[in-house]
Amino acid sequence: MATKRVLNKSTYKDYLFDILNYTFLIIVMVVTLYPFLNVLAISLNESTDTIRGGIYIWPREFTFNNYLEIAKYDNLVTGFGNSVLRTVVGTLLGVFIQAMVAFTLSRTDFQGRRFVSTVIVLTMYFSGGLIPGYMLIRDLQLMNTFWVYILPGLVSAFNIIIIRSFMDGLPFSLQESAKMDGANDFTIFYRIILPLCKPVLATIALFVAVGQWNSWFDTYLYNSMNENLTTLQYELMKILENTTMGGNTDANQMRPNAAQQSQMVSPDSIKMAITMVTVIPIVLVYPFLQRYFIQGMTLGAVKQ
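Okay, here's the thing in structure tokens:
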């Protein structure tokens, strides 16, 4: 009887914990999803009806006119292609180079490890500023080139520190055993370190990809005069500014009827439609990287 009472009491506590746990998770889910669903609903609602307010998670007058309004502007296709290209190239090169730097700094036999690490960390607190950076890009002749999107962001001190911290947790005996088998540093990096670092590299790749995809200020500074090198975010920024201010910010890059049509839609609807155009590609990519966030790659890799 005593055992039965204990089990019943334990079962009651388990049920209570499950109820509280599920309630908390449901609240978190609602708080997380509601802003996204609200933005989606407003972007799919008729602009004139949106001004009335009262739209929550479902559009009152369903329409695609807000997205069609955005599609009327020139250079969106070119900007989309450049944004995709800079995201892919910038992410691959950035993650690869940052992983190489982190691997070098994780080596205990690297004599300049402490000095180089200190210099890299200092760049997180001190910078030359916007004007020196602009002058540097100009003197390097990167103005009006695609590589101005790639080269300045190849090295990130924050990402290097994260990758190096992950590599520091890997058993160094893996590298020692590989050297005993005749492997050099490049072979160790490609064949051993990179496969074991997939979780952290996937995380950093997502950080870099989001930064590249959302970037527009570098286009404004360095490539605003070159329509062939425009980016999607920069074009969307111009549409948003034109709709909000009621004027045409760059008449040479927009069709004649675009400014007239933009006056017939509400700024809130255009804002939400632009937000969805910006967010959806990243949301589609995230599930492919999520599995690496929780995957333990070093379990059972070596026994010490």
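The numbering used here puts the sequence shown at residues 415 to 718. For every residue, glycine included, the Cβ atom is placed at its ideal position computed from N, Cα and C.
DSSP has residue i in a bridge; who is on the other side?
i: residue 459; result: 476
Does DSSP classify residue i as helix, strand or coil?
i: residue 740; result: Outside the modelled stretch of the chain, which goes from 415 to 718, sits residue 740, for which no answer is possible.
i: residue 570; result: coil
i: residue 514; result: helix
i: residue 651; result: helix
i: residue 594; result: helix
i: residue 564; result: coil
i: residue 496; result: helix
i: residue 688; result: helix
i: residue 644; result: coil
i: residue 585; result: coil
i: residue 427; result: helix
i: residue 432; result: helix
i: residue 537; result: coil
i: residue 443; result: helix
i: residue 683; result: helix
i: residue 520; result: helix
i: residue 638; result: coil
i: residue 701; result: helix
i: residue 547; result: helix
i: residue 673; result: Residue placement at residue 673 cannot be trusted, given a pLDDT of 42 that sits under 50; what the coordinates show is reported in the next sentence. The answer is helix: DSSP assigns residue 673 an H, G or I state.
i: residue 661; result: In this prediction, residue 661 has a pLDDT of 47, which is less than 50 and means its spatial position is unreliable; what the coordinates show is noted afterwards. The answer is coil: DSSP assigns residue 661 none of H, G, I, E or B.
i: residue 467; result: coil
i: residue 553; result: helix
i: residue 720; result: The chain is shown only over 415 to 718; residue 720 falls outside these bounds and no answer can be derived.
i: residue 542; result: coil
For residue i, which residues of its own chain have a beta-carbon under 7 Å away from its beta-carbon, when the five flanking residues on both sides are left out?
i: residue 526; result: none
i: residue 517; result: 581, 603, 607
i: residue 454; result: 690
i: residue 475; result: 459, 460, 463
i: residue 564; result: 500, 503, 504, 507
i: residue 618; result: 509, 512, 573, 576, 577
i: residue 524; result: 518
i: residue 421; result: Only weak support exists for where residue 421 lies, its pLDDT of 47 falling under 50; the value from the coordinates is given anyway. Same-chain partners within the cutoff: there are none.
Among residues of its own chain, excluding the 5 on either side of residue i, which ones have a beta-carbon nearer than 8 Å to its beta-carbon?
i: residue 535; result: 571, 575
i: residue 653; result: 484, 487, 676, 684, 688
i: residue 781; result: Absent from the structure is residue 781, since the part of the chain shown begins at 415 and ends at 718.
i: residue 558; result: 636, 637, 639, 640, 643
i: residue 605; result: 592, 597
With a cut-off of 8 Å on the beta carbons, I'd call residue i and residue j a contact; round off their distance for me.
i: residue 467; j: residue 567; result: Not quite, the Cβ-Cβ distance comes to about 40 Å (not below 8 Å), so this is no contact.
i: residue 434; j: residue 513; result: About 42 Å separates the two Cβ atoms, so there is no contact after all.
i: residue 700; j: residue 620; result: 7 Å
i: residue 680; j: residue 471; result: Their Cβ separation, rounded to whole angstroms, is 19 Å, which puts residue 680 and residue 471 out of contact at 8 Å.
i: residue 696; j: residue 624; result: 6 Å
Quick one: what's got a C-beta closer than 6 Å to residue i's C-beta in the same chain, skipping five residues either side?
i: residue 589; result: 602
i: residue 493; result: 644, 645, 646, 649
i: residue 545; result: none
i: residue 457; result: 480, 686, 687, 690
i: residue 531; result: 519
Does the beta carbon of residue i come closer than 7 Å to any beta carbon on chain B?
i: residue 601; result: Absent from the structure is chain B; it holds one protein chain and no more.
* Counting only runs that start and end within the segment 596–627, where is the alpha helix (DSSP H) found for 4 or more residues in a row? -> 599–602
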